[in-house]
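In our numbering, the protein residues as written are 6 to 224. C-beta: ideal position from N, C-alpha, C; glycine also. Scroll down for the structure; my scribbles are underneath it.
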Ligand SMILES: [Zn+2]
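Next up, the structure:
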């Protein structure tokens, strides 16, 4: 799941309008932002299928610190606590914590059974919607469209940048998602990890968009 997580980030703006889109992206995509660093450090492991038989071509062999349910709950609590300490907003903290957990729940729907409940267990979960790519696409794009719609309802552009930065971000996310789906598998884990790290730019893009938009009149 990729674009669906960004959909959650966009949509969460309606629940916590004062939180920047960048911070909402950071929360909804938090464990996938952590994962490339854990791969690079050799703490977590992934295999890439090059035979083209499985989509996506990734075998998530070992990722309990980013993607076990227990770890995600701990990350969510830490994320919410950090936000509360910095911004003193309990609504913002709760929404961000839920956004962090939402990542695991959405992954649970689409992943093959590779998500552990806690580090150290061999029992792994996943409802494998990835095996029905059309339905998976429809689910992700629906979440994304709903999220963008909620964001558009909650904010209005305060200048031209607020409009174009947003729509170029939306187009870029759609392009990456389709590129991931239809493109070739990554050549190796290092390349995959660097592409993962590049997602920090999407977080920055979220902050940039949000700076050029104001809350709609009824907020
Ligand atoms: Zn994930």
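With respect to 8 Å, is the separation between the Cβ of residue i and the closest non-hydrogen atom of ligand 1 below this value?
i	result
residue 205	no
residue 217	no
residue 36	yes
residue 40	yes
residue 64	no
residue 45	no
residue 108	yes
Whose CA, out of the options, lies closest to the CA of residue i?
i	options	result
residue 130	142, 117, 136	117
residue 114	97, 98, 137, 132	132
residue 25	142, 139, 159, 111	159
residue 88	154, 31, 150	31
residue 210	19, 6, 29, 20	29
residue 15	134, 107, 223	107
residue 174	198, 20, 149, 193	149
residue 79	47, 53, 191, 36	36
residue 17	157, 53, 47, 68	157
Within 10 angstroms of the Cβ of residue i, are there 16 or more other Cβ atoms? Answer buried if so, exposed if not.
i	result
residue 55	exposed
residue 215	buried
residue 61	buried
residue 112	buried
One question on the structure: do residue i and residue j come within less than 9 Å of each other, judged by their Cβ atoms?
i	j	result
residue 105	residue 77	yes
residue 74	residue 122	yes
residue 109	residue 101	no
residue 13	residue 125	no
residue 22	residue 220	yes
residue 34	residue 72	no
residue 170	residue 44	no
Would DSSP call residue i helix, strand or coil?
i	result
residue 195	helix
residue 60	coil
residue 65	strand
residue 46	coil
residue 39	helix
residue 24	coil
residue 122	coil
residue 218	strand
residue 137	coil
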